[in-house]
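7 is the number of the first residue of the sequence shown in my numbering; add one for each residue after it. Beta carbons are placed, not taken as given, at the ideal position from N, Cα and C, and that holds for glycine. Please read these numbers as outputs of a predicted model, since none were measured by experiment. Below is one structure, written out as structure tokens, with a few remarks after it.
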Amino acid sequence: MPRRTPSSLNRSSRLPRLGTGRTGSFRTAPVGAAVAVVVLALVGTACSSVEPAGEQPSGQSSADQDVFGEPADAAQVKDGGTLTVALSADPDKLDPSLSRSLYSRYVFHTMCEKLYDLGPDAKIVPQLATALPTISSDGLSLTIPLREGVKFADGGTLDSNAVKVSINRGLTITGSGRKSELGPITSIETPDAKTVVIKLSKPFAPLTAALADRAGMVLSPAAVSKLGDNFSTAPVCVGPFKFASRVAQNSIKVVKDPLYYDAAKVHLDAIEYRIITDSSIRSANLRSGDAQIADSLSTQDAPALQKDASMTVLQSQSLGYQGLTINIGNANGVGTPKKQLDSPIAKDPRVRQALDLSIDREALVKTIFNGLNTVACSPISPKSEFTSDAAQVCPAHDPAKAKELLGQAGVTTPYKVEMITSNNPDSLRLAQALQAMVKDGGFELVIKPVEYASLLDQQDRGDFELLQLGWSGRVDPDANIFNFVGSEGSQNVAGYSSPEVDKLLTDARQSKDQAERVKLYGDVVTKLQQDDPLIYMYRQRNLTGVSKKVLGVQTYPDGVIRTAFAGYAK
């Protein structure tokens, strides 16, 4: 989490303010009444199955219709200007080795390019590399050719040593979020300045996909040497833009980098990310012109914006999920030896299964999210090439069975469980709906709202019983699963450990056979649904509002808003 994203999208607890023009005066918007209405509506549907959402409202795209946006035509955009992006949460550390937030990925897109990237079809393409890796017949060696003549923002030259420094840092730095993503790397060789050879102790199928995200971002060796663990205070990479400033909980600014190897494609002078946690206020800033882009639109606001002739709503089906993580063995903090917690929900999978059965996913999707999101019961998207029938099996909503399981576990009902969640209107709306819903299954859900950054700290410390958060998703399912439920996963905040799951995941990592990997991931989902360390609830739409005054903004299934080559229309 960030790994991850808070519900219906992400944000922090400080309610941002609505800009009313250049004067900078603001106001806040009430949400309590809206939350109450939605929760009451959901209570009425929670006890029975809900029919799938039918025809969408006029002007609203169906849940299967993607709108990624188009690249900017240089003849139609002008150079100059500052683009303002309203972000739903304050990014965590701007350090690719340590970051876990979707929001930091938005910023990294503009200033920290990777060896590889994803295209709109979610296929991996070269970025700082010039071709996909050449993999040896035994799968133990990957050879990566690099671009030449590439400069970091500090003037240093990108070469194979810089790649080696960056990957080794991701493998070794304390608190790394990349270590388990990079797999069994034994060494990195640099036969010449433009060639990197990665050596592995075992085949590792997800490695190329990992290098298409933060694990593949190349950092300036000079900046790493100078700043060490404080790299995030003044990050230096290769990108169309370079870091300029940051005001915590308020804004981040990047400016055009004249040293960028493809600077002619960069039209904007600067991009400013403003932290606006309330979705309705982000939408209002978009309409007023105080922001030109708003991320993580609420499903309550998106239909109206789709009808606005001055706006475009980009959308794609997420590769990730939103879910509930149960603290099973994270007693002393992620990365420390696991220690079984003493609570019934931690010790007995029947209690966790009961909570799962108490959740009516279809009701959540239809009532809370206007049918724009989709039901999810596993970490594998149905659009993934690794999907299968087993990967998409969904436990039926059955509160009577839930109470039966609680009885078998010897638990007195209502069973009280505390849930931390991000303190923003969308997350609270979801939390209150869950609170009303799980009563029928014998649970008393106590909501503990916290500021987004604090939530991330609490989950790492193991300071929670139940956690509502999500994950924006990756193209290879290993990155959606291993980190979070593998015994050695660097983001396994549940403290879950299963030798059976570990073996299945390891076999899937080492297999070169696509069909075998599909079968193995289906088996993983079956086991996870028995143990329920993480209850998957729904898959959100990536909804991004964009003013038509701006061209070239794109959002792909990985959830990252691509603004680096955007510009104002002439």
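If I measure Cβ to Cβ from residue i and keep anything under 7 Å in the same chain, skipping five residues before and after, which residues do I get?
i      : result
Lys345 : Gly335, Ala337, Asn338
Ala4   : No information on residue 4 is available, as it lies outside the stretch 7 to 576 that the chain covers here.
Glu494 : Ser186
Asp123 : Val131, Gln133, Ala218
Ser349 : Glu471
Given that a residue counts as buried once 16 or more other Cβ atoms are within 10 Å of its Cβ, and exposed if not, what is residue i?
i      : result
Lys525 : buried
Ala270 : exposed
Pro563 : buried
Val253 : exposed
Asn379 : buried
Val131 : exposed
Glu506 : exposed
Val195 : Before going further, note that residue 195 is Glu rather than Val in the sequence given. Classification of Glu195: exposed, given that the 10 Å Cβ count is below 16.
Glu187 : buried
Thr178 : exposed
Pro197 : exposed
Lys6   : No answer is possible for residue 6: it lies beyond the span of the chain, which begins at 7 and ends at 576.
Glu368 : buried
Glu424 : exposed
Pro343 : exposed
Gln71  : exposed
Ala290 : buried
Val192 : According to the sequence displayed, residue 192 carries Thr and not Val. Classification for Thr192: exposed.
Thr318 : buried
Thr140 : exposed
Roughly how many whole angstroms lie between the Cα atoms of residue i and residue j?
i      : j      : result
Glu457 : Asn429 : 5 Å
Asp296 : Ser286 : 14 Å
Ser67  : Leu292 : In this prediction, Ser67 scores a pLDDT of 44, lower than 50, which makes its location untrustworthy; the coordinate-derived value is nonetheless stated afterwards. Roughly 20 Å separates the two Cα atoms.
Lys422 : Ala211 : 42 Å
Ile455 : Ile426 : Correcting the residue identity first, residue 455 is Pro in this sequence and not Ile. Taking the straight line from one Cα to the other gives about 6 Å.
Leu265 : Lys157 : 6 Å
Ser105 : Asp98  : 6 Å
Asp508 : Val272 : 45 Å
Ser55  : Pro401 : Low confidence applies here, because Ser55 scores a pLDDT of 28, under 50, leaving its location unreliable; read the following figure in that light. Those two C-alpha atoms are separated by around 12 Å.
Gln465 : Gly329 : 14 Å
Met7   : Leu134 : For Met7, the pLDDT reaches just 39, beneath the cut-off of 50, and the residue's location in the model is therefore unreliable, although a value from the coordinates is still provided. Answer to the nearest angstrom: the Cα atoms are 27 Å apart.
Asp160 : Val230 : 12 Å
Gly448 : Arg356 : 13 Å
Leu100 : Val381 : 32 Å
Thr180 : Lys372 : 42 Å
Leu462 : Thr331 : 13 Å
Leu363 : Asp404 : 5 Å
Ser324 : Ala439 : 22 Å
Ser257 : Ile281 : 6 Å
Leu164 : Lys313 : 46 Å
Thr26  : Val83  : Below a pLDDT of 50, predicted positions are generally treated as unreliable, and Thr26, at 31, falls in that range; the measurement from the model is reported next regardless. Distance between the alpha carbons of Thr26 and Val83 is about 27 Å.
Leu435 : Ser142 : For clarity, residue 435 is Arg in the given sequence; the question names Leu instead. Using only the alpha carbons, I get a separation of about 51 Å.
Lys259 : Asp127 : 29 Å
Leu108 : Ala521 : 30 Å
Tyr327 : Ala459 : 19 Å
Ala396 : Asp537 : 16 Å
Gly183 : Lys518 : 25 Å
Thr393 : Ser478 : 17 Å
Ala408 : Ala95  : 35 Å
Thr474 : Ala250 : Residue 474 is actually Gln in this sequence, not Thr. If I take the Cα positions, the gap works out to 33 Å.
Leu451 : Phe488 : 28 Å
Once you ignore the five residues that flank residue i on each side, which residues in its own chain have a CB closer than 6 Å to its CB?
i      : result
Ala3   : Only positions 7 to 576 of the chain appear in the structure, and residue 3 is not among them; the question remains open.
Arg288 : Ala92, Ile282, Ala300
Lys170 : Ile194, Thr196
Val340 : Asp466, Val499
Ile541 : Gly329, Leu330, Asp362
Report all residues from its chain with a CB closer than 8 Å to the CB of residue i; omit the five preceding and five following residues, and keep chain order.
i      : result
Val399 : Cys383, Ser384, Val531, Thr532, Gln535
Thr561 : Phe74, Gly75, Leu320, Gln321, Ser322, Asn548, Thr550, Ile567, Arg568
Pro190 : Leu206, Ser207, Lys208, Phe210
Pro77  : Gly558, Gln560, Phe571
Kindly examine the ligand PLP and report whether one of its heavy atoms sits closer than 7 Å to the Cβ of residue i.
i      : result
Ala406 : You won't find the ligand PLP in this model; it holds no ligand whatsoever.
Exercise. If we count Cβ pairs, one from each stretch, closer than 8 Å, do we get three or more for the stretch 566-573 versus the stretch 532-546?
Worked result: no
Exercise. Do the stretch 525-537 and the stretch 294-311 touch if we need at least three Cβ pairs shorter than 8 Å?
Worked result: no
Exercise. How about the stretch 503-515 and the stretch 398-416: do they share at least three Cβ pairs that are nearer than 8 Å?
Worked result: no
Problem set entry | Minimum length 4: unbroken alpha helix (DSSP H) runs contained in the stretch 134-219 | 166-178, 185-188, 213-216
For this session: Could you pull out every unbroken alpha helix (DSSP H) segment of at least 4 residues lying fully inside the stretch 441-490, listed in chain order?
Result: 458-467
Exercise. Which full runs of the beta strand (DSSP E) of 3+ residues lie inside the stretch 377-429, going along the chain?
Worked result: 421-428
Exercise. For the stretch 113-122 against the stretch 238-247, are there 3 or more C-beta pairs whose distance is under 8 Å?
Worked result: yes
Exercise. Between the stretch 199-207 and the stretch 142-154, do three or more beta carbon pairs fall short of 8 Å?
Worked result: yes
For this session: Could you tell me whether the stretch 275-286 touches the stretch 82-97, where touching means 3 or more Cβ pairs closer than 8 Å?
Result: yes
Exercise. Taking the runs of the beta strand (DSSP E) that are 3 residues or longer, which of them lie wholly in the stretch 261-296?
Worked result: 276-281
Problem set entry | Runs of beta strand (DSSP E) wholly within the stretch 318-365 (minimum 3 residues, chain order) | 327-332
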